[in-house]
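If you want this note's numbering, it's the position in the sequence shown, counting the first as 1, plus 910. Read through the structure below, which is laid out as structure tokens, and then see the notes.
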Amino acid sequence: MPEAGVPGPEPAPGSTPSPGRGSTPSPAPGSIARDGVPPPSAETTRVAIIDDQAMVRQGFGALLDAQPDMSVVGSAEDGSQVVDLVRRTAPDVILMDIRMPKLNGLDATRAVFSMPGEHPKIIMLTTFDADEYVFSALRAGASGFLLKDATAEDMITAVRVVAEGQSLLAPSVTRRLISEYVSGPKVSKDTAVLGQLTDREIDVMSLVAKGHANAEVAQQLFLAEQTVKTHVSRILSKLGLRDRTQIVVAAYESGLVVAGG
């Protein structure tokens, strides 16, 4: 498993689920204690699991359902069942396998985000080395990725992080994502988006897109970590992005970061 810790990027403005979604809204940012255990007042996060392997659904479901701040509200064996599951159970977070026989996780993610109203956060389940859909999944709206051989602690942390409206993309996964993207078909560069940012915001965006956590960005640019967080929030707001993973996408589509850069 790549880094056990998951960076804590800032949620885009307006990305936090509203109390009206389901009966159990996600916990507010900052509600998770340092040891990863939520305080007694934390709200329950509703989780759905989509995977064609019964053992994965049962194992992940038992693990997450045992957490005091989580409730597994449904599961399905194929992406074609996702839209109906979301309508019936209103999950806050979906664990979505990328590869499924009828409708893969990428198309299922697109289907979820085409639904009216608020949308659940989606974590893609992947073996990564075998999946060619990673970059497209980010563009479709996924909040991040979780390797199927992740530890129980990593999985629990992943759900809590994404439920808070943050993205889940460890630096090593970002670097692999970048490698796959720059070696694939090139997209036309949209450099106009960079004109909306200050020089310092462009510096921050470039380092974030290369997989650096806020503390690393702060060290390289000789800034306070809180200042970096502020810059990231402004980047999200100015470019209309949801989370840190979309900063990676925007950086490559704008040509800000290139192979070997």
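Glycine included, every Cβ here is placed at the ideal spot set by N, Cα and C.
Do residue i and residue j have their CB atoms nearer than 8 Å?
i, j, result
"Val957", "Ser981", "yes"
"Ile1066", "Ala1119", "no"
"Ala1021", "Met1006", "no"
"Pro1030", "Val1069", "no"
"Ile1145", "Leu1117", "no"
"Ala1052", "Met1115", "no"
"Thr954", "Asp979", "yes"
"Asp962", "Met1010", "yes"
"Thr1155", "Leu1048", "yes"
"Phe1023", "Ala1062", "no"
"Gly1239", "Arg997", "Coverage of the chain is limited to positions 911 through 1171, which leaves residue 1239 absent and any answer about it impossible."
Leaving out five residues before and five after residue i in sequence, what residues of the same chain have Cβ atoms less than 8 Å from its Cβ?
i, result
"Ser1046", "Leu1016"
"Ala964", "Glu987"
"Asp945", "Only weak support is given to the placement of Asp945: the predicted model assigns it a pLDDT of 41, under 50, and the value that follows is read from those uncertain coordinates. Same-chain partners within the cutoff: there are none."
"Ser990", "Lys1012, Leu1013, Ala1018"
"Leu973", "Ala1062, Met1065, Ile1066"
Can you list, in chain order, the residues of its chain whose CB lies under 7 Å from that of residue i, leaving out five sequence neighbours each side?
i, result
"Asp1113", "Leu1131"
"Glu1135", "Asn1124, Ala1125, Ala1128"
"Ala986", "Ile960, Val992, Leu995"
"Gly971", "Ile959, Val982, Ser985"
"Leu1149", "Val1103, Gln1106, Ala1160"
Could you pull the start and end residues of the beta strand (DSSP E) that residue i belongs to?
i, result
"Leu1005", "1003-1007"
"Gly984", "980-986"
"Pro1065", "Note on residue identity: the sequence assigns Met, not Pro, to residue 1065. Where Met1065 is concerned, there is no enclosing beta strand (DSSP E), although the alpha helix (DSSP H) it sits in stretches over 1062-1073."
Excluding five sequence neighbours on each side, which residues of the same chain lie with their C-beta closer than 6 Å to the C-beta of residue i?
i, result
"Asp975", "Val982"
"Thr1231", "Residue 1231 lies beyond the range of the chain shown here (911 to 1171); nothing can be said about it."
"Gly1027", "none"
"Arg1110", "none"
Run through DSSP, which three-state label would residue i get?
i, result
"Lys1139", "helix"
"Phe1055", "strand"
"Pro935", "In this prediction, Pro935 scores a pLDDT of 42, lower than 50, which makes its location untrustworthy; no coordinate-derived value is stated."
"Ala972", "helix"
"Val1118", "helix"
"Val1167", "coil"
"Arg1154", "helix"
"Thr954", "coil"
"Arg944", "Residue confidence is low: Arg944 scores 35 on pLDDT, short of 50, so the model does not pin down where it sits. Its coordinate-derived value is still stated next. Coil, per DSSP."
"Lys1031", "strand"
"Ala1160", "helix"
Which residues bound the alpha helix (DSSP H) around residue i?
i, result
"Thr999", "992-999"
"Thr1019", "1015-1023"
"Leu1131", "1124-1131"
For the ligand ADP, I want to know if residue i counts as a neighbour, meaning its beta carbon is within less than 7 Å of at least one of the ligand's heavy atoms.
i, result
"Ile1033", "By its list of ligands, the structure shown contains no ligand whatsoever, and the ligand ADP lies outside what it can speak to."
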